[in-house]
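Data first, discussion second: the structure below is written as structure tokens.
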Amino acid sequence: MERRRNWLQGVVVACVAAATASGCAATIPQTRYGIDEVQFEGVDKVDESELRDAIVTQERPSFLFWRWPWTDWPVYDDATFQRDLLRITRWYRARGYYDAKVVNYRVVPRAARESDQVPDQGAKCERDGPGEGCRLEVRIRVDEGEPVLVRHIT
């Protein structure tokens, strides 16, 4: 039994190594920003993972500190992100946090706020590699406020 498990682990490691080495790693499209990270600040009273699931702007999938090299890069769309900011407020309201609001947000690099397309020449960001787009980070600061509690129903 132990031998079979070791063999299976070896096969899995070999497959992952072969997939990574074979160049099947996903790349950021040349004219786009790939979302590397979405961070929330001020989220203390609710489950952050549920809030993440409520928005469309998502970071590249990962497991602990490992990013799967073959997964597609989610690309940044500013119009979608602006709607996500409204979604966050509505999500909190649906859970009784009527005073919750997005206090501020930050998109790095800032050039992505001007256009969610990376120009071919003069990009204001460091490209991920030759013929690739740029990585992008999003930080959203939320003021949750206090939840509305029903004390008595008559």
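Here our numbering is used: the first residue of the sequence shown is 570, the next is one more, and so on. We put the CB at the ideal spot given by N, CA and C, even for glycine. Computed from a predicted model, the values in this text were never measured in an experiment.
Given a length threshold of 4 residues, each whole run of the alpha helix (DSSP H) inside the stretch 600-676 is given here in chain order: 617-622, 647-663. In this structure, Asp-697 and Gly-603 form a Cβ contact; the two beta carbons are roughly 7 Å apart against a cut-off of 8 Å. Under the 8 Å Cβ criterion, the stretch 659-667 does not count as touching the stretch 699-710, having fewer than three qualifying pairs. When only Cα atoms are considered, Asp-622 and Glu-715 end up about 22 Å apart. For Arg-696, there is no enclosing alpha helix (DSSP H), since its DSSP letter is neither H nor E. The beta carbons of Ala-595 and Thr-640 sit closer together than 8 Å. Its Cα nearest to that of Asp-647, the residue Val-687 stands out among Val-687, Gly-611, Ser-631. Leaving aside the five residues that flank Asp-653 on each side, the residues in its chain whose CB is nearer than 7 Å to its CB run, in chain order, Ile-624, Val-625, Thr-626. When the Cα atoms are used, Val-676 and Arg-708 turn out to be separated by approximately 7 Å. The alpha carbon of Glu-606 has as its nearest neighbour, out of Tyr-645, Asp-613, Asp-616, the alpha carbon of Tyr-645.
With a cutoff of 8 Å on beta-carbon distance, Ile-657 and Leu-620 are scored as near each other. A Cβ-Cβ distance of about 6 Å is found for the pair Arg-629 and Trp-642, placing them in contact under the 8 Å criterion.
Asn-673 places its beta carbon 8 Å or farther from that of Arg-720. Per DSSP, the beta bridge partners of Ile-709 are Phe-609, Tyr-674. Beyond the five residues adjoining it in sequence on each side, Glu-713 comes within less than 6 Å, by CB distance, of Lys-614, Tyr-666, Ala-669 in the same chain, given in chain order.
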